[in-house]
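There are 2 protein chains.
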Amino acid sequence: MAQKPATLKDVAAFANVSRATAARALNSYGYVGDETAQRVRDAAEKLGYRGNRLAQALRNGQLPIIGCILGDIQNPFFARIAHDIEVLARGNRYNLIIGSSEEQLEQEVSLLASLQSLSIRGFIVAPTSDENNFHLRRLIEENVPLVLIDRVVQGIECDSVLVDNEGGARKAIEYLISMGHRRIGLLQDDTRIFTSRERLSGYQHALVAGGITPDDRMISVSQSTVEHAIDATIRLFSQKVPPTALFTVDSLMTQGALLAFRAMGISIPHDVSLVGFDDFNLATFTDPQITVVAQPVSEIGLAAARLLFEKLSGQSRPSEQIRFETRLLVRGSVSRRPEG
Amino acid sequence: MAQKPATLKDVAAFANVSRATAARALNSYGYVGDETAQRVRDAAEKLGYRGNRLAQALRNGQLPIIGCILGDIQNPFFARIAHDIEVLARGNRYNLIIGSSEEQLEQEVSLLASLQSLSIRGFIVAPTSDENNFHLRRLIEENVPLVLIDRVVQGIECDSVLVDNEGGARKAIEYLISMGHRRIGLLQDDTRIFTSRERLSGYQHALVAGGITPDDRMISVSQSTVEHAIDATIRLFSQKVPPTALFTVDSLMTQGALLAFRAMGISIPHDVSLVGFDDFNLATFTDPQITVVAQPVSEIGLAAARLLFEKLSGQSRPSEQIRFETRLLVRGSVSRRPEG
DNA sequence: CTGAAAGCGCTAACAT
DNA sequence: ATGTTAGCGCTTTCAG
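In the order they appear, the protein sequences are chains A and B. With the first sequence counted from 1, adding 4 to any position gets you the numbering used here. With the second sequence counted from 1, adding 4 to any position gets you the numbering used here.
This is the structure in structure tokens:
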């Protein structure tokens with residue numbers, strides 16, 4: 005029991021060759037006699053040789069693992085992306101380490117440091133904040149392949165995959181305005197988060213363009229969890245003059261809003277209209293179905309992984325920014341508001 | 005640019021001591037003079053020394069990373085567990101590698117092998133199948149800490165964290181029977197999956213106990229994704245004599261069933277009653293609210309991580325099986341069926 | 001209290 | 001075509 009795994013040395017000894025030859029045979033490089041190569045492979049098989057990726061990594065300075073730092077794996081948006089990246093990584097014989105920053109810069113920094121000390125070169129990060137980005141900048145300077153997803157940070161030029169947050173939010177708000185709404189609420193998470201900020205900006209611009217003065221009382225901020233979003237929605241709609249429509253910046257918050265409305269006895273779209281950013285499974289089940297700004301989620305992880313593997317395979321090209329369009333999926337959660 | 009990270013050697017040189025002393029000072033073991041220790045720490049700080057976890061791991065035979073192999077990170081059940089484990093792992097200065105087996109034994113095996121060759125000792129696995137479990141057995145024999153979650157495999161004795169699947173399913177079916185249903189459908193995933201099998205068994209036993217003969221035409225099988233579940237539900241309810249009630253084995257399938265019913269114009273609970281295994285965010289938003297068998301999700305990851313870290317810290321104790329109870333949360337998706 | 005030296009398992013430059 | 005050897009960065013006896 006507990007016998008040590010076979011090492012290259014064992015294989016070499018068993019096949020009566022030197023370690024160098026065994027390595028050559030197993031990794032098929034350099035010159036090895038056919039017959040010798042076969043003998044080595046047989047030996048490896050017999051001994052259940054696996055190779056020690058740690059030693060390999062120590063030797064050649066990098067570990068075939070991708071570090072993926074996300075805000076929250078419980079958000080289906082990130083879960084989907086993580087899944088897609090994992091599949092692609094596996095295809096390239098890479099593993100995936102998933103870390104969650106929980107939207108704390110400090111955690112993002114320490115996670116990154118810890119992964120770097122593992123000689124991981126190859127990161128996909130959804131950065132928490134765009135100030136204090138020294139840690140990402142250092143990565144770039146050290147030439148470590150990095151792809152930013154969902155968010156970018158100022159002053160850093162590297163590959164990134166985003167969606168058009170501002171445009172998406174604008175479409176949502178324009179639609180609400182066109183339906184006669186003027187008191188349009190916003191349920192968002194922390195503005196340190198890039199997407200939140202861009203969506204806020206789209207919201208504000210659309211409002212102004214529609215001749216509506218933005219009003220802070222129409223905005224409620226919470227962490228992006230269903231529970232927090234419920235509270236934030238209740239706060240927003242407990243005001244004397246509540247919004248007649250609500251725009252929520254992600255699917256967890258949309259769901260929170262739905263649950264809050266249910267709890268408060270507010271009915272959609274009769275009492276309040278709703279548009280959410282990011283589609284979700286049951287958006288077409290609810291009654292009414294929920295109008296959303298949909299993002300091409302399945303393409304984001306794919307694109308990010310593709311960019312990363314290009315860099316990892318040594319291609320050097322100018323950094324690429326991919327921005328996907330969003331689509332407004334009009335369903336039934338918005339009602340026309342009698343003017344005035 | 006791209007300057008190499010400082011090594012222990014650099015630090016030692018800078019502090020004018022040997023590598024051994026530097027190591028002792030930095031890891032605080034053995035005897036080091038106070039003043040020397042301080043000098044080393046200063047040097048480390050000045051040089052931005054980080055330590056190479058890879059080299060450390062190669063040296064002492066294990067990498068402080070937990071390997072976590074799940075069926076599907078997109079299932080909120082697993083996402084939640086992964087998140088909880090990650091938080092606990094971080095507390096213990098471990099990182100988390102998440103792999104997804106996609107419910108394929110082959111992928112589970114190769115993932116495990118690949119992680120083992122990284123000298124990862126410490127796994128949390130939701131095993132795909134309970135036959136062909138040689139890979140898990142080998143882990144145990146090699147004394148590698150392993151905790152099984154959500155599922156167990158036959159003939160392997162190790163720590164595990166489960167819920168009472170059979171009992172949960174039984175409660176659901178008994179409830180449906182008590183409401184007058186006799187043609188009770190089951191929407192499940194592959195029976196190679198432990199939970200699926202146990203829930204099926206609960207379903208069958210409850211049926212028999214209620215004097216109802218199980219009928220294969222009442223059972224529909226699909227992969228556990230919303231899309232597949234929609235199809236499977238449509239198949240089930242396109243029969244001449246469809247079920248009057250449906251029990252779904254996980255939340256993704258419950259959501260699929262809901263969407264299928266919506267598409268088919270079948271209304272809940274008027275036309276069909278529904279009970280799902282595993283609660284989900286919007287279960288209380290839908291109209292009617294969905295009756296579910298709830299699992300203590302938040303405790304599962306915690307318990308698994310706790311067990312794993314006990315083993316990792318060298319405690320040797322008999323292996324522990326934790327089985328959490330489930331609760332039937334009666335909401336509004338089941339209607340009383342007139343007898344006959 | 002500190003240093004010298006071996007070695008974890010592997011690869012690759014160099015030699016034969 | 002194959003072997004020898006150095007060394008990746010670290011820890012840990014063993015000497016002193």
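Note that the Cβ used here is the ideal one computed from N, Cα and C, for glycine as well.
- If you check each beta-carbon in the segment 264-297 of chain B against every beta-carbon of chain A, the ones closer than 8 Å belong to Arg-266, Asn-285, Leu-286, Thr-288, Phe-289, Thr-290 and Asp-291.
- Selection A/Cys-72, A/Leu-150, A/Ile-73 and A/Ile-85 evaluated against B/Gln-78 yields A/Ile-85 as nearest (Cα-Cα).
- For B/Val-230, the neighbours in chain A by C-beta distance under 8 Å run, in chain order, Asn-285.
- In the DSSP secondary-structure assignment, B/Thr-295 is bridged to B/Val-279.
- One finds Ile-77, Ile-102, Gly-103 and Ser-104 in chain A with Cβ atoms closer than 8 Å to the Cβ of B/Glu-90, taken in chain order.
- Where B/Ser-205 is concerned, the enclosing alpha helix (DSSP H) starts and stops at 198-213.
- Distance check between A/Ser-277 and each of A/Leu-62, A/Val-334 and A/Ala-26 places A/Val-334 closest, using alpha-carbon atoms only.
- Rounded to whole angstroms, the Cβ separation of A/Ile-197 and A/Gly-126 is 24 Å, and the two are not in contact under 8 Å.
- Identification of residues in the segment 50-62 of chain A having a C-beta nearer than 7 Å to some C-beta of chain B yields Arg-54, Gly-55, Asn-56, Arg-57, Leu-58, Ala-59, Ala-61 and Leu-62, given in sequence order.
- By the beta-carbon neighbour count (other beta carbons within 10 angstroms, threshold 16), A/Val-230 is buried.
- Within the segment 12-46 of chain B, no residue has its Cβ closer than 8 Å to any Cβ of chain A.
- DSSP, read as helix, strand or coil, puts A/Arg-327 in strand.
- At a cut-off of 8 Å, the C-beta of B/Pro-80 has a neighbouring C-beta in chain A.
- B/Ile-153 places its beta carbon 8 Å or farther from that of B/Arg-141.
- Checking the DSSP bridge columns, you'll see B/Phe-251 partnered with B/Leu-190 and B/Val-279.
- What A/Ser-118 touches in chain B, judged by beta-carbon distance under 7 Å, is Asn-99, going in chain order.
- Across the structure, B/Ala-233 and B/Gln-227 are spaced so that their CA atoms are roughly 7 Å apart.
- Considered as a whole, the segment 134-196 of chain A harbours 150-153, 163-167 and 188-192 as its complete beta strand (DSSP E) runs of no fewer than 3 residues, in chain order.
- Between A/Leu-306 and chain B, the shortest Cβ-Cβ separation is not below 8 Å.
- In this structure, DSSP gives B/Phe-82 a helical state, which the three-state scheme calls helix.
- At a beta-carbon threshold of 8 Å, the residues of chain A lying near B/Leu-262 are Leu-286 and Phe-289, ordered along the chain.
- The beta carbon of B/Ala-86 falls within 8 Å of a beta carbon belonging to chain A, placing the residue at that interface.
- Remark: C-beta atoms of B/Ser-205 and B/Glu-178 do not approach each other more closely than 8 Å.
- Per DSSP, the continuous beta strand (DSSP E) segment holding A/Gly-71 begins and ends at 69-74.
- For B/Phe-313, same chain residues with a beta-carbon under 7 Å away, outside a window of 5 residues either side, are Asn-96 in chain order.
- Rounded to whole angstroms, A/Asp-254 and B/Gly-214 show a C-alpha spacing of 45 Å.
- B/Ala-83 belongs to the set of residues whose beta carbon lies under 8 Å from a beta carbon in chain A.
- Within a 10 Å sphere around the beta-carbon of B/Phe-138 sit fewer than 16 other beta-carbons, which makes this residue exposed.
- Straight through space, the alpha carbons of B/Gly-34 and B/Val-148 are spaced by roughly 29 Å.
- For B/Ala-47, the closest C-alpha among the options B/Gly-75, B/Leu-12 and B/Val-36 is that of B/Leu-12.
- For A/Ser-224, the closest of A/Phe-328, A/Gln-192, A/Pro-246 and A/Val-212 by C-alpha to C-alpha distance is A/Gln-192.
- Assigned with DSSP and collapsed to three states, B/Phe-127 falls in strand.
- Residues of the segment 215-240 of chain B with a C-beta atom less than 9 Å from some C-beta of chain A are Val-230, listed in chain order.
- Excluding five sequence positions before and after A/Ala-41, the CB atoms of its chain that fall closer than 6 Å to its own CB belong to Ala-29, given in chain order.
- Nearest to A/Ile-181 by C-alpha distance, out of A/His-209, A/Thr-199 and A/Val-157, is A/His-209.
- Just measuring C-alpha positions, the residue of A/Val-21, A/Asp-168 and A/Arg-186 sitting nearest A/Val-297 is A/Asp-168.
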